[in-house]
Amino acid sequence: MEKVNNTPKVFNGDLTEAQVDAFKAQHRKSFAVEIQDGDEVHIGYFKRPTLETLKAVTKVAKSDEVEAGKVMFDNCWLGGSKELRTDALLFMAVQKKLGEVLNGFQGLIKNL
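Numbered according to the numbering used here, the sequence shown terminates at residue 1559, and the numbering increases by one at each position without gaps.
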């Protein structure tokens, strides 16, 4: 009986652990987005958006949400699998995850 390999093939743009560590050191907050596509996992590394990036995204989103996603992606991208930007379905999956990052904050208001 032939043994089946269920380990997915990982695409991260051939980045080394040292390069990923450099992202962490250079940017106060950085994160990886992993997208599973069948037997492949595509990893992209991103930094938090700046206020200028958020302003540009908001302006473009009024007329084209996909284009706004491209602005966010391109301005926060540090490296990783290039297919995350070129494959439409992978790109949209990344957009969903980037949206979770932006909407994942909670704050409290306390009376003094």
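Every residue, glycine too, gets a C-beta built ideally from N, C-alpha and C.
On a predicted model such as this, the values are computed, not experimentally measured, just so you know.
| Item | Value |
| --- | --- |
| Where G1516 sits in the DSSP three-state scheme | helix |
| Exposed unless 16 or more other CB atoms sit within 10 angstroms - verdict on S1510 | exposed |
| Reduced DSSP secondary structure (H/G/I, E/B, other) of Q1483 | strand |
| 8 Å contact criterion, which S1528 and G1485 should meet: CB distance rounded | Not confirmed; about 14 Å, so no contact. |
| Straight-line Cα distance separating P1496 from K1502 | 10 Å |
| Local Cβ density within 10 Å of F1493, reported as buried at 16 or more and exposed below that | buried |
| Candidates L1525, K1476 and V1513: closest to V1548 by CA position | K1476 |
| Beta-ladder partner(s) of F1458, from DSSP | H1489 |
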